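In terms of this note's numbering, the sequence shown opens at residue 8 and continues consecutively. Some notes on the structure that comes next.
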Amino acid sequence: MTEEIFALRNYAHLGDAVWEIFVREYVIYKTSNSKILHKMTTDRVNASFQAEMLHFISEDLTEEEHELARRGRNLPIPVARRAIQNVYRPSTAFEVLIGYWYLHDKERLNFFYNKIKNETEYFT
Numbered sequence: 008m009t010e011e012i013f014a015l016r017n018y019a020h021l022g023d024a025v026w027e028i029f030v031r032e033y034v035i036y037k038t039s040n041s042k043i044l045h046k047m048t049t050d051r052v053n054a055s056f057q058a059e060m061l062h063f064i065s066e067d068l069t070e071e072e073h074e075l076a077r078r079g080r081n082l083p084i085p086v087a088r089r090a091i092q093n094v095y096r097p098s099t100a101f102e103v104l105i106g107y108w109y110l111h112d113k114e115r116l117n118f119f120y121n122k123i124k125n126e127t128e129y130f131t
């Protein structure tokens with residue numbers, strides 16, 4: 008695993024954007040109806056869904072990736088989100104991994120994109 012050069016929160020910030028681009032790219036091939044595009048995107052770009060995706064990919068993570076996810080999960084939670092920590096924390100961990108892979112390991116990022124896209128009912 009490549010050395011981290013950014014704070015975990017920076018990886019999460021980037022990972023959130025990268026995940027949304029991935030989802031938007033996926034949904035534009037499904038419909039051109041703007042209302043449906045929005046619904047399909049928001050159904051997949053939210054804390055609950057991203058927490059599910061972390062659980063889905065967890066068995067394929069390396070020990071180092073598990074550690075990175077653990078550290079992302081333990082980041083301090085903004086006050087407004089404290090009530091939903093059990094959802095927000097794994098979602099942040101997922102975003103940290105996506106951001107990290109985007110900057111340091113595109114091949115690994117593509118592996119997980121394809122796994123999620125091809126092996127979950129949410130991307131059919």
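Note that CB positions come from ideal geometry on N, CA and C, so glycine has one too. In this text the structure is predicted, and so the values were computed from the model without any measurement.
Give a yes or no on whether the C-beta atoms belonging to Arg-96 and Arg-77 are separated by under 8 Å. No. Outside cutoff.
Sequence-distant residues of the same chain with beta carbon closer than 7 Å to Thr-127, five excluded per side:
Result list for Thr-127: Phe-63, in chain order.
For this session: May I ask you to verify whether the segment 103-111 touches the segment 41-52, counting CB pairs closer than 8 Å and requiring at least 3?
Result: no
Requested in this report: Pick out whichever of Ala-14, Gln-92, Lys-37, Ser-65 has its Cα sitting closest to the Cα of Ala-54.
Outcome: Of Ala-14, Gln-92, Lys-37, Ser-65, the residue nearest in Cα terms is Gln-92.
Checklist entry - Taking all protein chains shown into account, do 16 or more other C-beta atoms lie within 10 angstroms of the C-beta of Leu-74, making it buried, or fewer, making it exposed? => result A quick correction: the sequence has Glu, not Leu, at residue 74. The residue in question, Glu-74, is exposed, as its Cβ has fewer than 16 Cβ neighbours within 10 Å.
Note to self: Give me, in chain order, the residues of the same chain whose beta-carbon lies closer than 7 Å to that of Tyr-18; leave out the 5 immediate sequence neighbours on both sides.
What the structure shows: Val-103, Gly-106, Tyr-107
Beta-carbon gap between Tyr-129 and Arg-51 smaller than 8 Å: yes
| Would Glu-101 pass as a contact of Leu-68 if the rule is Cβ separation under 8 Å? | Note on identity: in this sequence residue 101 is Phe, with Glu being the wrong assignment. Not a contact, by the Cβ cut-off of 8 Å.
Practice task
Mind listing, in chain order, the continuous alpha helix (DSSP H) runs of no fewer than 4 residues lying wholly within the segment 41-105?
Solution key: The segment 41-105 is shown to contain whole alpha helix (DSSP H) runs of 4 or more residues at 41-51, 54-64, 70-80, in chain order.
*Do Val-25 and Thr-48 have their C-beta atoms closer together than 8 Å?*
no
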